[in-house]
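In our numbering, the protein residues as written are 1 to 625.
Positions of the beta carbon are idealized from the N, C-alpha and C atoms, including for glycine.
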Amino acid sequence: MGDFAIGATDFLLNGSPFRVLAGAIHYFRVHPDHWADRIQKARLMGLNTIETYVAWNAHSPVRGEFRTDAGLDLGRFLDLVAAEGMYAIVRPGPFICAEWDNGGLPGWLFRDPAVGVRRNEPLYLAAVAEYFEQLLPIVASRQIDRGGPVILVQIENEYGAYGHDKDYLRALVDLNRAGGITVPLTTIDQPTDQMLADGSLPGLHKTGSFGSRATERLATLRRHQPTGPLMCAEFWNGWFDHWGAHHHTTSAEDSARELDDLLATGASVSLYMFTGGTNFGFTNGANDKGVFQPTVTSYDYDAPLSESGEVTQKYLAFREVLARYAPVPAELPEAVPAAPDFEVELTESVTLWDAVRELASPPGEPVPELPSMDALGQYTGFALYRTRLAPGAHLLSFGAVRDRAQVFVDGKPVGVLQRDHHERSISLPQGSLLDLLVEDQGRVNYGPRIGEDKGLIGPATLDGTLLGNWQVLPLDVDGFAASGSRLFGPHPGCSDGAGERDLDPDLDVDLTFAYDSLRAAEPAAGTVAAEAPVGSLSGPAFARGRFDAEPGRDLFLSTAGWGKGQAWINGFNLGRFWDRGPQTTLYVPGPVLSASNELVVLFLHGTGSSRARFVPRPDLGHTDF
């Protein structure tokens, strides 16, 4: 058992002054079989504490559920921190930002328009109470006064940048204390007078978030925190990337100098990030400050430890700085060997239209008004929208597109509506059936647009007249990729011919919206239109290939030239790819691999190649191989 307290000038560990030297590892962004490795490498760099957010929406994808399996086993993560002889800081939100989908708030939370998030509103606080009731026992039982590693727990997250509802903050304090949290409680805000004043309460220890000008910013923090230790609880040593923008880096020399300036003041620190990890699946967030900017799959963050656990020059530079202020182990982490370079033939494919029966439940009755994806309980990924067109129809318009819609008339591609280009209208050719494949590209994680519905947002009009009779199919692409579907046929251009597939012809549904009509205008899987080059695949379509690998050894999947889509290995969703860049590889954690493996790729616009390539190192910013 131990004790951790806030003294007049220092943190006190068992009554003695203690400087927190922490680094952020988000357990939900790192494969659980890599947790121990990343934690150990933090200790070897000279850190004594691990800090993590808790992503509410990952644990509770539906209300009433609280998952702690596999990569969501926070208790196991904290136990590994303790096993390494380190301490832990837990930041449960409920809002976390973190460039994570919806800032960690579950999509279902917003279905009742009466819910008022991040304020003292009863419906919202009731949901938070349910969340804390499941979460806090995991944290409380691992506090330092019960023999565990947890020394601090944070209230909310940079709340001063959002609101100033003191009753809300008091309610969160009460919920934490009622849930058994006895360690000191902190808040974090950027060091401006307004944010520090609005984002905390008397009795909560204020900390700052910044990446430079430490002396100046700590002076501002000291005006609002007259006693106790100063702490930069988010020392920004890198940054995140958006699709279509440049890859952000900061030099090891500059970052180390800023860290040295900070530690020279005597303050405590938490590095954001120590290692960033990955936005696997559909977990990335987005910014929208006038332009919608979805975050890329990699959350490498240019951190001291890379996305794949490699020691960087920044790691070595930070280790040298930390050694000036605290003991640093003599041992260095072992070098990570280069990943193998090899190709995989994508031998099978199936169009999305042919796969739709496995991707979605049978279509229901058409609805007169345009529903959002959220209204159908689809809080991430893709949905297929369909309706009929009147003869002579020309201009299709929507209230909003969130976030990207591929438009098809009679199965033929017409164009793409993209939210970040503020596109809401498109001219249509003559035809009878309209389909739109809509992608939620990541929910806004910061600011007033948190919680907004995804999908097509009405009104929908055709030449100025309301367009109704919609059928919407939420698509379970994860389930399909993991299913080992028999719908796949030989990939176009492969030598083994078209072959036959076992398709059930009996579909007892309204023929206006039947699965068969969705497939009618597309070539069958295993065939290709005459004008397409050998080896090419029209999209949207899935392709599949099999390969052998060394279990446990990380890989990097090149997505160069692939356009846009999603990739899975053995049913594990590696994340999004997009030829906008800057990222052109996907990180494959070694633990998802076995001796024999299955790669599935969703090509939203098809591909000109039937091969996939694994490369020796990551490309997060158009690096030539």
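Name the DSSP bridge partner or partners of C232?
In DSSP, C232 forms a bridge with G208, V269.
Consult DSSP for P32 and reduce its assignment to one of helix, strand or coil.
In the structure shown, P32 sits in a helix (DSSP, three-state: H, G or I).
Taking only the alpha-carbon atoms, compute the straight-line gap between F18 and A36 and give it to the nearest angstrom.
Approximately 24 Å between the Cα atoms of the pair.
Give the DSSP-derived three-state secondary structure of D506 in the structure shown.
Note on D506: pLDDT 31, under 50, position unreliable in the model; the coordinate value appears next. The answer is coil: DSSP assigns D506 none of H, G, I, E or B.
Got a sec, what are the start and stop residues for the beta strand (DSSP E) V81 sits in?
Premise fails: V81 lies in the alpha helix (DSSP H), 74-83, not in any beta strand (DSSP E).
Would you list, in sequence order, the uninterrupted beta strand (DSSP E) runs of no fewer than 3 residues that lie entirely inside the segment 256-317?
Counting whole runs of 3 or more residues, the segment 256-317 contains the beta strand (DSSP E) stretches 268-275, 286-288, 292-294.
State the DSSP-derived secondary structure class of F18, mapped to helix, strand or coil.
Note: F18 maps to strand in three-state DSSP.
Less than 8 Å between the beta carbons of G199 and Y168, yes or no?
Cβ distance not < 8 Å, so G199 and Y168 don't count as in contact.
Under the DSSP definition of a beta bridge, which residues are partnered with E348?
Partner(s): P490, R544.
Run through DSSP, which three-state label would W239 get?
Note: W239 maps to coil in three-state DSSP.
In whole angstroms, what is the alpha-carbon distance linking E121 and D112?
So the alpha carbons of these two residues sit roughly 12 Å apart.
So, under 8 Å CB-CB, Y53 and H34 are touching, yes? Tell me the CB distance rounded to an integer number of Å.
Rounded, the Cβ-Cβ distance is 17 Å, inconsistent with contact.
Taking the alpha-carbon positions, what's the F547 to Q418 distance?
Cα to Cα, the separation comes out at about 35 Å.
Three or more beta-carbon pairs under 8 Å between the segment 330-341 and the segment 246-266, yes or no?
No: fewer than three Cβ pairs fall under 8 Å.
Could you name the residues of the same chain whose beta carbon sits closer than 8 Å to that of C232, not counting the 5 residues immediately before and after it, in chain order?
Closer than 8 Å at Cβ, skipping near neighbours: T207, G208, S209, F210, A214, R217, L218, L262, A267, S268, V269, S270.
Between G238 and chain D, is there a C-beta pair that is closer than 8 Å?
The structure shown contains no chain D; it is built from a single protein chain.
Using the C-alpha atoms, what's the distance from Y587 back to S298?
The straight-line gap from Cα to Cα measures roughly 8 Å.
Output the boundary residues of the alpha helix (DSSP H) element that contains F556.
From DSSP, F556 is part of no alpha helix (DSSP H) but of the beta strand (DSSP E) over 555-558.
Kindly identify the DSSP beta-bridge partner or partners of D440.
Answer is G381.
Quick check on this structure: which residue in R617, L44, P589 has the alpha carbon closest to the alpha carbon of N570?
Ranking the options by Cα distance to N570, first place goes to P589.
Measure the alpha-carbon distance for R544 versus E345 and round it to whole angstroms.
Using only the alpha carbons, I get a separation of about 8 Å.
Tell me whether the beta-carbon of A606 lies closer than 8 Å to the beta-carbon of S538.
The sequence as given places Gly at residue 606; Ala does not occur at that position. Yes, the pair counts as a contact, with Cβ atoms nearer than the cut-off.
Which residues in the same chain have their Cβ closer than 6 Å to the Cβ of D510, if we skip the five residues on either side of it in sequence?
Here D510 scores only 40 on pLDDT, less than 50, and its place in the model is too uncertain to base an answer on.
Can you check whether the CB of P149 is closer than 8 Å to the CB of M86?
For M86 and P149, yes; Cβs fall inside 8 Å.
Could you name the residues of the same chain whose beta carbon sits closer than 6 Å to that of G277, not counting the 5 residues immediately before and after it, in chain order?
Counting only Cβ-Cβ distances below 6 Å, and skipping sequence neighbours, we find H26, R29, V30, Y299.
Which of helix, strand or coil does DSSP assign to W56?
W56: helix per DSSP, three-state reduction.
Report back the beta-carbon spacing between E348 and H491 to the nearest angstrom; my notes put them in contact at under 8 Å.
The Cβ separation is near 6 Å, so the contact holds.
DSSP three-state label for G104, please.
Of the three classes helix, strand and coil, the one that applies to G104 here is helix, per DSSP.
If I follow the unbroken beta strand (DSSP E) through L185, where does it start and stop?
Per DSSP, L185 belongs to the beta strand (DSSP E) from 185-189.
So if DSSP puts K564 in a beta bridge, which residue, or which two residues, is it bridged to?
Bridge partners of K564: W578.
In the DSSP assignment, the beta strand (DSSP E) including A88 goes from what residue to what residue?
Element bounds for A88: 87-91.
Find the nearest neighbour of A245 within the set G392, Y272, H205, A286, judged by alpha-carbon distance.
Here the closest residue by C-alpha is A286.
Contact defined as beta carbons within less than 8 Å: I believe T585 pairs with D619. What is the distance between those atoms, to the nearest angstrom?
Right, their Cβ atoms sit about 5 Å apart.
Taking V128 as part of the beta strand (DSSP E), name the residues at either end of that continuous run.
Here V128 belongs to no beta strand (DSSP E); instead the alpha helix (DSSP H) covers 122-140.
Go ahead and label K41 buried or exposed: buried means 16 or more other beta carbons lie within 10 angstroms of its beta carbon, across all protein chains shown.
Buried, because 16 or more other Cβ atoms sit within 10 Å of the Cβ of K41.
Identify the continuous beta strand (DSSP E) that holds Q418 and give its terminal residues.
It spans 412-418 - the beta strand (DSSP E) in which Q418 sits, taken as one unbroken run.
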